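Engineer: Residue numbers (this note's numbering), protein chains in the order written: chain F, 1 to 203; chain R, 204 to 534.
Please see the structure below; I have some questions.
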Amino acid sequence: MNFAQMKEDRSLIRRVARGDQRAFDDFFREYFPRLFRFTVSRVDNDEALAEEIVQRTMCIVVRKAGTYRGEALLFTWLCQICRNETFAVLKSRGIERQRNVPLEDNPGVRAALESISVESDEPESIQRSEEIARFVRTTLEYLPTKYATALEMKYIQGCSVAEIGERLDVGSKAAESILSRARAAFKESFRSLWDFEPNFIVD
Amino acid sequence: MSNDNKAGDDIAGRDHESGQGDTVARLLNLAGLRPLIAADIEARVYDHVHQEWRNSLPASRTGKWAMPLALAAGILIAVTFVTRLVLPDAPLVGTVARVNGGFDGSAASFVSGDAVRVGDNLRTGDRQLLSVALSDGTSLRLAANSSLQLDERRSYTLLTGKVYADSGQTVYQDSGLEIRTGLGVITDIGTQFLVSFEGAALSVAVREGRVDVAADQDTYTALAGDRLMMQAGGGVTKGQIGATDSAWDWTLKLAPEFDIENRSLLDFLTWVSRETGKELIFVNDELRKAAMATVLSGSISDLTPVEAATTVLTTTSFAYEIRETSIIIGR
Numbered sequence: 001m002n003f004a005q006m007k008e009d010r011s012l013i014r015r016v017a018r019g020d021q022r023a024f025d026d027f028f029r030e031y032f033p034r035l036f037r038f039t040v041s042r043v044d045n046d047e048a049l050a051e052e053i054v055q056r057t058m059c060i061v062v063r064k065a066g067t068y069r070g071e072a073l074l075f076t077w078l079c080q081i082c083r084n085e086t087f088a089v090l091k092s093r094g095i096e097r098q099r100n101v102p103l104e105d106n107p108g109v110r111a112a113l114e115s116i117s118v119e120s121d122e123p124e125s126i127q128r129s130e131e132i133a134r135f136v137r138t139t140l141e142y143l144p145t146k147y148a149t150a151l152e153m154k155y156i157q158g159c160s161v162a163e164i165g166e167r168l169d170v171g172s173k174a175a176e177s178i179l180s181r182a183r184a185a186f187k188e189s190f191r192s193l194w195d196f197e198p199n200f201i202v203d
Numbered sequence: 204m205s206n207d208n209k210a211g212d213d214i215a216g217r218d219h220e221s222g223q224g225d226t227v228a229r230l231l232n233l234a235g236l237r238p239l240i241a242a243d244i245e246a247r248v249y250d251h252v253h254q255e256w257r258n259s260l261p262a263s264r265t266g267k268w269a270m271p272l273a274l275a276a277g278i279l280i281a282v283t284f285v286t287r288l289v290l291p292d293a294p295l296v297g298t299v300a301r302v303n304g305g306f307d308g309s310a311a312s313f314v315s316g317d318a319v320r321v322g323d324n325l326r327t328g329d330r331q332l333l334s335v336a337l338s339d340g341t342s343l344r345l346a347a348n349s350s351l352q353l354d355e356r357r358s359y360t361l362l363t364g365k366v367y368a369d370s371g372q373t374v375y376q377d378s379g380l381e382i383r384t385g386l387g388v389i390t391d392i393g394t395q396f397l398v399s400f401e402g403a404a405l406s407v408a409v410r411e412g413r414v415d416v417a418a419d420q421d422t423y424t425a426l427a428g429d430r431l432m433m434q435a436g437g438g439v440t441k442g443q444i445g446a447t448d449s450a451w452d453w454t455l456k457l458a459p460e461f462d463i464e465n466r467s468l469l470d471f472l473t474w475v476s477r478e479t480g481k482e483l484i485f486v487n488d489e490l491r492k493a494a495m496a497t498v499l500s501g502s503i504s505d506l507t508p509v510e511a512a513t514t515v516l517t518t519t520s521f522a523y524e525i526r527e528t529s530i531i532i533g534r
C-alpha cells in the first residue's frame, strides 16, 4: 500500500473540494492525461468517445470530491468511476462491450503470461506481447506523472539523468532519486496490479 | 557525457536489490512511448470539468460590511451588518490561504484561493480558523470567533477575537502592518505577534521582533517575549510569554504549507522553528552546512510542523532531539 501517495491524494482532493483553484489545476494536470490514456485503450482508440467518458468521469469526481475517503489511491478511484461511465456510455450508444476482456482484467493472467517468451515470432506470442505492452502502459498510468516520465525518458528515449532532471525541473541528484523510486514503484505496481512477477521474461 | 552524468546514469541503471534493471527496461521498450493527447481535447475537457467544479462549490462569500456599535468597557461588542456595494477594483490585500473547520452560520464564507480586498470583513465562527497570505508574503491568521475588517491595504481593525501576524522576516521595515482595536493601535516593525481583543481587554504578545502599541495618548513598545495587557479605562501591564507558550498553538493549524520538494533541510528546519517557536540549534557549524546541502524530496501535507520534522529527520542521517523549546541537530 502506498500510504504516502494516499495521503497526498487525500490532501489534494480535499483542497479541490474546498475550491482551491491551484489544487484543481494540479489535479487536472496530473490525472486527465493518465485517465484519458487509460480510457482510450479500452474503447478501440476512439478518442472522441474517450473524451466524453473522461469528461463525465472527472465531472463526477469534482462533484463528489468530498466523498473520497482515501482508502485507495485516487487514480484507482478514478478508474473505478471511469469503468462505470464507460459501460454506461457504451450501453447508451448501443455499443456492445468488446468480447475480449482486456488481459489486465482477467484473473487468469498470471498463468498465461508466465508461459510466453517475448522473443518469439509466434502469433500467439506476439499477441501476448501486445497485451503485456498494454499492461505496462496501464501500470505507468498508475504511477505519478513524474515517475512515468522519468522511466520513459531513461529506458525508452535513452536520456541521461541530467536530461531527466532538466525535464522534471530538479537537480541530477534528485533525478537519480526519482528514477530509483520510479523503478521500485513500477515493479511493485506491475506485480500488485496484475499479480505477476516481472522475472517471467527468460534471459 | 560528463563523468558525473555517467556515474549518475550507472547508479540509476543498476537495480541494487534484484539486478532486474534490464527487465524494467525491456518491459518499457516493449510498450514504447505513451501517446500524446491533442491539446484541443484537453482544453475542452478542462473547460467542462472546471465549470462543473465551480458550480459544485459552496456559495461564495457575501462580503458584508461590519460596523461596530460600542467599544466601551464591560459592554459586549455588538455588530450589525449592511450589504456592501461590490467595488470590483478595490485594491487587493491578499488571498485566503487556509480555512480550517466548518461554517457554523457565519455570514461570510471563504474558500482557499479567494482574493481578499480592501473593504472586506473576515469573520470566523465557533470552530473555524482562517489564514490569509498578504501580497507582501505576511501570513495573517484569524482564530475562531474573530472579526477583522480590512480598512486599507496594510491597516485593519480587529473588531473582536485574535489575529496572528507573521511577516516572515526579522529585518525591520519602515512601514509595517497596523492593527486597530477599540483600546489601541498596534504597529508591526517586522515580527511575529498576536493581538487579542475582547471588548474590554487588549493583549499584544510578541514572538519575534517588535511592535509599537499606541494607546491612551501614549506609545508602548513590546519586544520578543513581551506581552502587553491593557484594560478599558486605563492601565497597562507588561508580562512575559515564551515563544513556545501554548497561547501560540492554534496558529500551527494555519501554518502555510511548506513544499519540501528540492528544498534544503536547513530551509525546512528554519520553517519548523519559525512556526513552532522552537529554537533551532546545530551542535556545530559543519552540521549546519550539511543541512544546507541536504536536498529533500516528497511531501509533508497534512502533517503538523513537529510531525513533519520527525518524519523528515528520520529519513536523514542527522541525529536530532525535539525538546519543548528547541530542536537540536547533532551527529
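Virtual Cβ for every residue (Gly too), placed ideally from N, Cα, C.
Quick caveat, the model's predicted, so the values are computed rather than measured.
Could you pull out every residue in the same chain whose Cβ sits closer than 6 Å to the Cβ of residue 456 (chain R), ignoring the five residues on either side in sequence?
Structural biologist: 303 and 332.
Engineer: Taking contact to mean 3 or more Cβ pairs, one atom from each stretch, closer than 8 Å, check whether the stretch 456-476 of chain R and the stretch 499-506 of chain R are in contact.
Structural biologist: Short answer: they touch.
Engineer: Kindly indicate if chain F contains any beta-carbon less than 7 Å away from that of residue 255 (chain R).
Structural biologist: Yes - at least one Cβ of chain F is within 7 Å of the one on residue 255 (chain R).
Engineer: So what's residue 18 (chain F) in DSSP terms, helix, strand or just coil?
Structural biologist: Residue state, collapsed to three classes: coil.
Engineer: Measuring only the C-alpha atoms, how far is residue 366 (chain R) from residue 36 (chain F)?
Structural biologist: Between residue 366 (chain R) and residue 36 (chain F), the C-alpha separation is close to 46 Å.
Engineer: Answer with buried or exposed for residue 20 (chain F), where buried requires no fewer than 16 other C-beta atoms within 10 angstroms of its C-beta.
Structural biologist: Under this definition residue 20 (chain F) is a buried residue.
Engineer: Where does residue 528 (chain R) sit, in a helix, a strand or coil, going by DSSP?
Structural biologist: Coil.
Engineer: Can you tell me whether residue 110 (chain F) is helix, strand or coil according to DSSP?
Structural biologist: The pLDDT assigned to residue 110 (chain F) is 40, lower than 50, so where the model puts this residue is not dependable; a value taken from the coordinates is nonetheless given after this. Of the three classes helix, strand and coil, the one that applies to residue 110 (chain F) here is helix, per DSSP.
Engineer: Are any of the Cβ atoms in chain F nearer than 7 Å to that of residue 324 (chain R)?
Structural biologist: Not one chain F Cβ lies under 7 Å of residue 324 (chain R).
Engineer: Determine, using beta carbons only, whether residue 536 (chain R) comes closer than 7 Å to chain F.
Structural biologist: The structure shown does not extend to residue 536 (chain R), since chain R is modelled only from 204 through 534, so no value can be given for it.
Engineer: Beta-carbon separation of residue 337 (chain R) and residue 297 (chain R) under 7 Å?
Structural biologist: In contact: residue 337 (chain R) and residue 297 (chain R) (Cβ atoms closer than 7 Å).
Engineer: Secondary structure at residue 555 (chain R), three-state DSSP: helix, strand or coil?
Structural biologist: Chain R is shown only over 204 to 534; residue 555 (chain R) falls outside these bounds and no answer can be derived.
Engineer: Using a 10 Å radius around the Cβ and a threshold of 16 neighbouring Cβ atoms, would you call residue 449 (chain R) buried or exposed?
Structural biologist: Looking at its Cβ environment, which holds fewer than 16 other Cβ atoms inside 10 Å, residue 449 (chain R) is exposed.
Engineer: Which residues, in chain order, does the stretch 228-241 of chain R contribute to contact with chain F at a C-beta distance below 8 Å?
Structural biologist: Listed by position, the residues of the stretch 228-241 of chain R near chain F (Cβ gap below 8 Å) are 228, 229, 230, 231, 232, 233, 234, 235, 236, 237, 238, 240 and 241.
Engineer: On the criterion of 16 or more Cβ atoms from any shown chain inside 10 Å, does residue 170 (chain R) qualify as buried, or is it exposed?
Structural biologist: With chain R covering 204 to 534 only, the question about residue 170 (chain R) has no answer from this structure.
Engineer: Any C-beta of chain R within less than 7 Å: which residues of the stretch 48-63 of chain F qualify?
Structural biologist: Listed in sequence order: 51, 54, 55, 58, 59, 62 and 63.
Engineer: By Cβ distance, which residues of its chain are closer than 8 Å to residue 203 (chain F), with the 5 residues on each side in sequence left out?
Structural biologist: Caution applies to residue 203 (chain F), whose pLDDT of 26 falls short of 50 and renders its modelled position unreliable; the value that the coordinates give is listed next. Same-chain partners within the cutoff: there are none.
Engineer: Output the distance between the C-alpha atoms of residue 237 (chain R) and residue 5 (chain F), rounded to the nearest integer angstrom.
Structural biologist: Computed Cα separation, rounded: 23 Å.
Engineer: Unbroken alpha helix (DSSP H) runs of length 4 or more, entirely within the stretch 123-175 of chain F: which are they?
Structural biologist: List check, alpha helix (DSSP H) in window: 123-142, 145-151 and 161-168.
Engineer: In the DSSP assignment, the beta strand (DSSP E) including residue 406 (chain R) goes from what residue to what residue?
Structural biologist: Taken as a continuous stretch (DSSP letters only), the beta strand (DSSP E) holding residue 406 (chain R) covers 404-411.
Engineer: For residue 15 (chain F), count the other beta carbons within 10 Å of its own beta carbon; 16 or more makes it buried, fewer makes it exposed. Which is it?
Structural biologist: It counts as buried.
Engineer: Can you find a CB in chain R that lies within less than 7 Å of the CB of residue 19 (chain F)?
Structural biologist: Chain R contact via Cβ: present.
Engineer: Kindly identify the DSSP beta-bridge partner or partners of residue 433 (chain R).
Structural biologist: R:405 and R:439.
Engineer: Compare the C-beta of residue 88 (chain F) against all C-beta atoms of chain R and say whether one is closer than 7 Å.
Structural biologist: No, because no Cβ of chain R sits closer than 7 Å to the Cβ of residue 88 (chain F).
Engineer: Look at residue 353 (chain R) and residue 345 (chain R) and say whether their C-beta atoms are less than 7 Å apart.
Structural biologist: Cβ distance not < 7 Å, so residue 353 (chain R) and residue 345 (chain R) don't count as in contact.
Engineer: Under 8 Å, with one C-beta from each stretch per pair, do the stretch 47-67 of chain F and the stretch 245-263 of chain R reach the 3-pair mark?
Structural biologist: Verdict: yes, contact present.
Engineer: Output yes if chain R places a C-beta closer than 7 Å to the C-beta of residue 177 (chain F); else output no.
Structural biologist: Yes, its Cβ sits closer than 7 Å to a Cβ of chain R.
Engineer: Taking 7 Å as the CB-CB cut-off, is residue 449 (chain R) touching chain F?
Structural biologist: So, not an interface residue.
Engineer: Tell me the residue span of the beta strand (DSSP E) that contains residue 332 (chain R).
Structural biologist: Per DSSP, residue 332 (chain R) belongs to the beta strand (DSSP E) from 332-337.
Engineer: Of the residues R:231, R:520 and R:317, which one's Cα is nearest the Cα of residue 153 (chain F)?
Structural biologist: It is R:231 whose Cα lies nearest to the Cα of residue 153 (chain F).
Engineer: Residue 315 (chain R) by DSSP, collapsed to three states: which one?
Structural biologist: Three-state DSSP puts residue 315 (chain R) in coil, outside helix and strand.
Engineer: Chain R beta carbons: is any one of them nearer than 7 Å to that of residue 155 (chain F)?
Structural biologist: True, the Cβ-Cβ gap to chain R drops below 7 Å.
Engineer: Please state whether the Cβ-Cβ distance between residue 142 (chain F) and residue 75 (chain F) is less than 7 Å.
Structural biologist: Yes.
Engineer: Is the number of C-beta pairs between the stretch 168-180 of chain F and the stretch 124-141 of chain F that are closer than 8 Å three or more?
Structural biologist: Contact fails: fewer than three Cβ-Cβ distances are below 8 Å.
Engineer: Give the secondary structure of residue 346 (chain R) by DSSP, where H, G and I count as helix, E and B as strand, and everything else as coil.
Structural biologist: DSSP places residue 346 (chain R) in coil when its eight states are reduced to three.
Engineer: Ignore the nearest five residues each way along the sequence and tell me which others in residue 536 (chain R)'s own chain have a CB closer than 7 Å to its CB.
Structural biologist: Given that chain R is displayed from residue 204 to residue 534, the structure contains no residue 536 (chain R) and the question cannot be resolved.
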